[in-house]
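Here the sequence shown is numbered in this note's numbering, starting from 24 and rising by one per residue.
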Amino acid sequence: MNIYFTRFFATCQLFVILAFAVCLFFLSIPFSGNLYSQDLVPFHQSSDDGETQKYGYKDKKTGMILISAHYSQALDFEKIKDSENNTVRVARVQKNGRWGYITEENTPFIPIIYQELGAFKEGRAVARLEGRTGFIDVQNVSIVPFEYSYSYPFKNGMARVQKNNLVGFVDLEGNLAIDLVYEDAYNFSEGLAYVRKNGKYGFINKKGEEVIPFVYENAKDFEKGTALVQKNGLWGKIDQEGNEVVKIIYKDIPFFYEGVAEVRTEESTKNNVSKWGYINEKGETVVDFIYDEAKYFSEGLGAVRKGKDWFFIDKTGKEIFKSSYPIYEPFVDGLSKVHQNDLFGLIDKEGKLVVPIIYQEIKNFENGIANVKKNDHWGAINEKEELVIPLEYDEIHFITKNLAWIRKLNKYGFMGENGKIIAPTQYDEVDIFYKNNLILVKKNKHWGAISPTGKVLQEAIYDKIEKLSNDYLKVYKDGKVGLMNSEGKITLPVAYNEIGTFFRGKAVARSNGNFGVIKREGKPMTKFNWDYIYPYSDGFAIAKYHNGTYTYLNEKGKKLRKKYQDAKPFSNGFAAVKENGKWGFIDKNGKWLIEPSYKMVESFQNGLALAQETTKNDNNDKETSKYGYLSADGNWLIAPKFEEAYSFSEGFAAVKKNGKWGYISISGSPFIEFNYDDALPFLDEQGWVKYGDDWQSIDKFGNRYLQVASASDIFIDMDEIPFMWTENETNQKMGLHVDNENVMPFAYDKTSSTVGRNRIFLERNGTWNYLNSKNEIIEYNFDDVDYMLMANNAIMKRVKKEGKYGYFNTKTETIVIPIEYDNAESFFYIYPKSSDFGEDVEPLAGYAKVERNGKWGMIDMEGKILIPIIYDQIDNFSEGYAKVTLDGKNGYVSTDAKIILPIEFEQAGNFKNGKAEVKKNGKWGMINHKGEEIIPIEYDQIRFTNNENIIIVAEKINERLQYGFIDLRTNGEQKINPNRYSSVSSVFISGLLEVAKNNKKGFINENGEEVIGTEYDDVGTTEEEPIAVRKGKKWGYVNKAGKIIIPFIYESAESFGTTGQALVEKDGERYYINKTGRKEVQKNELDFFDESNGDW
């Protein structure tokens, strides 16, 4: 075992929780699923301090954690083309305030070194480094230099860049194609981009030539040859020559449905009372401006209100009929939803009430049936208003037009066409495997499968059924595992010990102690004659012979002819192997890239590989080893001059020189000086260093801290006197074992965590006492002991006795804070640093919130009161400020207890990126650290989005919340689509955010532009183009500009996946289509070759 792992394990044993995390990272077992997954999605969990979140990835279908939660942020996986034009899935992650990309195998794709990093668009990604932005390609090559204040993603071959408050454009080659002369600019669309100069907008072409003069206050992209523009506060449309095709006279942006749009003009607005009318796409008035409210046209009719009366009109303005009830939704399939006294019904196109207003909820008719809710129970009616499904279910959910699951008294069943029960409500859980609509059911703690007709395909005898893909499932029984297909047939007997995670259609499996590789359909790809097979990495798997030698298997299951003494996984096209006692690197054909001449090497990370070089003295009788870092061509990038070293982690490497440890950067320059007796790599934003006899954590500025860490019941000190807490297998009690002797009897039920040697709490029969550094038991008889902050070589323990709380210091081994508080929370550390917003944050060694007599404050580690115990509630510090509540009002205090922002807000949030939402006099707004209103406190609701520049605001109009957006890039002055939407999402996905108006859905982009109009009854995800959308009963697909790509002909439609296919249903048939709408046979992710186990 090389020195890396020797020291790694020794020190892991000293710090158990750190060891656990690092060991999982470096030594993932084949079936942990850490490397490969079919569908990875982010998840988060609270860190040990309870205040921060850490992110990782889990399998979307099974919930299994595949990449542990150690990132500060983690975004969804996205598909991009790599340098060889292969499609790969990568995700952006953040650690230690820096961003990069990882693969599904949790290996670096783009190093985690950037302050900001955008998604790849047209093969380029925006990145920020040292405060400046530029663009990188998929090989992490800088295409556009890092010299701009802001850069925006590429679109149509051009990208906006900003420097010195002026904007221009660069091309894909990194050339400055249009000079930095504009105050504002937007992406090119149909060959033109709208830009601002001297406060006015105009349009330029890709040569930078002015095409339409700078005379507009606002503008939008060109679409179908026209663009919306604003002048003197009014809106209209122009063509690409600047001619007005819709006069600029409208107070609202006209959105056209069925060729007309509801609008107001300045003339139709008097004394702040507006009258609505309709125009066509030529700008001609087709319905006069006489209505107090107007909804968009649907099925040839528009709903309008005059006074208290509602009417439906045609496109000439003729009133077709007067509705006796307020109109809630326009027509869908000839029916319109109306409401009265919070109940709903339906009217037809003659105004006749076809479904009475008696239901709490009513859904649109689909396939002749509509779900209805009455008296808090669901049923369904047909078009004759006959109850076809009784009103007795807690939930009804249609999967297809002829299949629904039902829930009643927490039992599930299934219903077929016309309400026919195909499986009674007898199951504890149900799940749908959408290929062939296979139904998975759980009964009496065991799983089985039934068909969509209710036929039992597999009895409920399995311990677990796990989905793998659109075709296969794992089934478990009595410790064995097999495979089942989507027809409910067992294709691989439930006889294997293990089956690993499938990746590209194959998985490692174990049977009778031997390993092999199987295909997803259950056929073996290799013989089961291997001692061990490691997970596939970069297209290859390490396979171990029974004689202890190693080789590689390719994706066809064929093995490399050569055998090696040892081997490491492939990464970026090469792998480290050991031959004749020396390590080198081979390529995917088994050819040597770097000849085997090194005593030890580690795999390449961030373009560098740790290697150990040995040299002999002149007498050839003494060998000296030094560590350095190799490049891919075998040359030393960092010369071998270190006595010991680790691989780079989080941008830094721990190395030893002249007997002392420090850290170097990727350039080889010292980053943290060589002052320490030992050191460990950075992990989860901190490293560990040994200073004298004590270990401490260290940040990347060299500041030393000891922080909260979980403890284990096993503690081994390999460097000093070996001793451990262990568990007696006979009576499940714990004791202390030193030098193979029991120095304390196995009589204790629990132990708490340790610091240094001994100094530990022991619990027996519900009472806690203390083992001090002299191995003496001190009887405190505490009721409870909690693990708290580590600092200054001590652990602060919260202790409880007779209902009161205090704190115990393990360094002084005394109660340092009296047991006198009614409640007390964890100690936390505020690190000494400058705020990102220019204000100093005072350093505190540790603070905790405490309660006495119903009031809260904060104390330090000596018990000194930092924040007076006078507040009804107090939050932890965020960006140097803590929110406090007093007498029902909220404000903010600083770390020196000063009230920085007055306690005057009815509600308030914690600061995030320098902003906090606050409520005053019933209205919401947003303030900065200085208390300045960056968004006026005048809104009925306010929300953050995942784009820190875009804030959601809402105002109540006619007793309903209407949503718009504020763009903080304009200092909060730019309102985007104010009061436009009835509901909005808070999350941009692939640059688009879902919005709704009048129960119709659409999407806006990150500039607030409605790129897909709110005209659809349902929409799918925007991860992949084209996007599934539903209009009425039919589904189709549009692109991100809203253009129809595939017509509306499907009864159901799913989003496009990694194979470029989507599952649709038409006329009762379910099949796959490609992105042009052509019907195709479902593709696997990889076409397999023969099943032979030959060489290559």
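Virtual Cβ for every residue (Gly too), placed ideally from N, Cα, C. Just so we're clear, the structure is a prediction, and the values are computed from it rather than from any experiment.
Local Cβ density within 10 Å of residue i, reported as buried at 16 or more and exposed below that
{"i": "G642", "result": "The residue you asked about is not Gly; residue 642 is Asn in the sequence shown. Exposed."}
{"i": "T918", "result": "buried"}
{"i": "N398", "result": "exposed"}
{"i": "A564", "result": "buried"}
{"i": "G911", "result": "exposed"}
{"i": "P131", "result": "buried"}
{"i": "E1103", "result": "exposed"}
{"i": "L1086", "result": "buried"}
{"i": "S106", "result": "exposed"}
{"i": "V296", "result": "exposed"}
{"i": "Y1094", "result": "exposed"}
{"i": "A518", "result": "exposed"}
{"i": "G505", "result": "buried"}
{"i": "V184", "result": "buried"}
{"i": "Q719", "result": "buried"}
Opening and closing residue of the beta strand (DSSP E) in which residue i lies
{"i": "F344", "result": "342-346"}
{"i": "D809", "result": "807-809"}
{"i": "L89", "result": "88-94"}
{"i": "A632", "result": "632-639"}
{"i": "Q363", "result": "359-363"}
{"i": "G710", "result": "709-714"}
{"i": "Y382", "result": "376-382"}
{"i": "G436", "result": "434-438"}
{"i": "T647", "result": "646-653"}
{"i": "M949", "result": "946-950"}
{"i": "A977", "result": "973-980"}
{"i": "I1072", "result": "1067-1073"}
{"i": "S451", "result": "Strictly speaking, residue 451 in this sequence is Asp, with Ser absent from that position. Per DSSP, D451 belongs to no beta strand (DSSP E) and is neither H nor E."}
{"i": "V907", "result": "905-909"}
{"i": "T1045", "result": "No beta strand (DSSP E) contains T1045, which DSSP labels as neither H nor E."}
8 Å Cβ cutoff met for residue i and residue j
{"i": "H952", "j": "G937", "result": "yes"}
{"i": "A1019", "j": "S1006", "result": "yes"}
{"i": "D845", "j": "E825", "result": "no"}
{"i": "I404", "j": "V377", "result": "no"}
{"i": "A668", "j": "F627", "result": "no"}
{"i": "T514", "j": "E544", "result": "yes"}
{"i": "G511", "j": "L491", "result": "no"}
{"i": "E352", "j": "A317", "result": "no"}
{"i": "T249", "j": "K274", "result": "no"}
{"i": "E929", "j": "G914", "result": "no"}
{"i": "L199", "j": "V190", "result": "no"}
{"i": "N658", "j": "P134", "result": "no"}
{"i": "L152", "j": "F177", "result": "no"}
{"i": "Y348", "j": "R328", "result": "no"}
{"i": "Y1060", "j": "P1049", "result": "yes"}
{"i": "I965", "j": "W947", "result": "yes"}
Rounded Cβ spacing between residue i and residue j (contact assumed at less than 8 Å)
{"i": "V218", "j": "G197", "result": "The pair is not a contact, with the Cβ atoms about 21 Å apart (cut-off 8 Å)."}
{"i": "T423", "j": "G436", "result": "No, T423 and G436 are not in contact; Cβ-Cβ is about 16 Å, not under 8 Å."}
{"i": "K270", "j": "G300", "result": "Not really, about 13 Å apart at Cβ, beyond 8 Å."}
{"i": "L583", "j": "I556", "result": "Going by Cβ atoms, the distance from L583 to I556 rounds to 13 Å, so no, they are not a contact pair."}
{"i": "I223", "j": "Y239", "result": "Position check: residue 223 holds Lys in this sequence, whereas Ile was assumed. The pair is a contact, with the Cβ atoms about 6 Å apart (cut-off 8 Å)."}
{"i": "G1031", "j": "S1078", "result": "That pair is no contact at about 24 Å."}
{"i": "V976", "j": "I958", "result": "7 Å"}
{"i": "K649", "j": "K639", "result": "That belief does not hold up - the Cβ atoms of K649 and K639 are roughly 13 Å apart, past 8 Å."}
{"i": "F934", "j": "Y904", "result": "6 Å"}
{"i": "I1012", "j": "E1046", "result": "6 Å"}
{"i": "Y80", "j": "A97", "result": "6 Å"}
In chain order, which continuous runs of the beta strand (DSSP E) of length 3 or greater are located wholly inside the stretch 215-254? For the stretch 215-254, whole beta strand (DSSP E) runs of length 3 or above, ordered along the chain, are 216-220, 223-227, 233-239, 249-254.
Could you tell me which whole beta strand (DSSP E) segments of length 3 or greater appear in the stretch 548-612? Whole beta strand (DSSP E) segments, 3+ residues: 564-567, 573-576, 597-602, 605-610.
Entirely within the stretch 507-554 and at least 3 residues each: give me those beta strand (DSSP E) ranges in chain order. Residue ranges of uninterrupted beta strand (DSSP E) with 3 or more members, entirely inside the stretch 507-554 and ordered along the chain, are 513-519, 529-534, 537-542.
Start-end ranges of the beta strand (DSSP E) lying completely within the stretch 381-416, minimum 3 residues: Those beta strand (DSSP E) runs which fall completely within the stretch 381-416 and span 3+ residues are 392-397, 400-405, 410-416.
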